[in-house]
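The sequence shown begins at 650 in the numbering used here and counts up by one.
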Amino acid sequence: MSPQSKKQTVSSETKEEASRVAKSMQKPGQTKEQTRLIANGIQKGIEQYKKLHKSKSREIDKRLKLLQNKSNSRFEIEIESESEVQIMYRQHWFPWILLGFSWLMAGLYFFL
650 MSPQSKKQTV SSETKEEASR VAKSMQKPGQ TKEQTRLIAN GIQKGIEQYK
700 KLHKSKSREI DKRLKLLQNK SNSRFEIEIE SESEVQIMYR QHWFPWILLG
750 FSWLMAGLYF FL
């Protein structure tokens with residue numbers, strides 16, 4: 650890679666916006682060179698903001714893709730597990746004994 654390809658070019662919109670902001674902030678007696686330096690500083694700030702925004706949006710996209718992949722894989726696993734596993738319910742005998750005992754005691758109470 651040549652050194653020129655590593656350097657990113659600045660869009661004309663960014664240059665125009667930076668010069669417009671610099672001119673709007675220009676004070677009386679300020680030279681064109683000073684205004685140009687301010688515009689360059691603003692332009693670099695805009696570039697950094699755009700880079701940060703791009704990296705954040707890429708990170709958000711990566712997280713969304715991971716979440717989508719995880720939710721899809723969970724759904725597939727649930728479908729597979731439902732078809733393979735047979736659920737059998739067994740009732741415990743202790744509640745039936747308590748029910749019978751309570752009926753027996755209620756019957757004895759009413760007869761005696």
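Glycine residues also receive a C-beta, built at the ideal position from the N, C-alpha and C atoms.
Quick check on the DSSP output: the alpha helix (DSSP H) that includes W745 runs from which residue to which?
F743 to F760
Original post:
Are at least three pairs of beta-carbons, each pair with one atom in the region 703–715 and one in the region 672–686, less than 8 Å apart?
Top reply: no
Under three-state DSSP, which class holds T663? Three-state result, T663: helix.
Which of the three DSSP states, helix, strand or coil, is assigned to R685? Reduced to three states, the DSSP call for R685 is helix.
Checklist entry - How many angstroms separate the CA atom of R712 from the CA atom of K719? => result 10 Å
Check your understanding: In angstroms, rounded to a whole number, what distance separates the CA positions of D710 and Q740?
Key -> 49 Å
task = Measure the alpha-carbon distance for Y698 versus T663 and round it to whole angstroms.
result = Rounded to whole angstroms, Y698 to T663 spans 11 Å at the Cα level.
Go ahead and label S751 buried or exposed: buried means 16 or more other beta carbons lie within 10 angstroms of its beta carbon, across all protein chains shown.
-> exposed
According to DSSP, is Y698 helix, strand or coil?
helix
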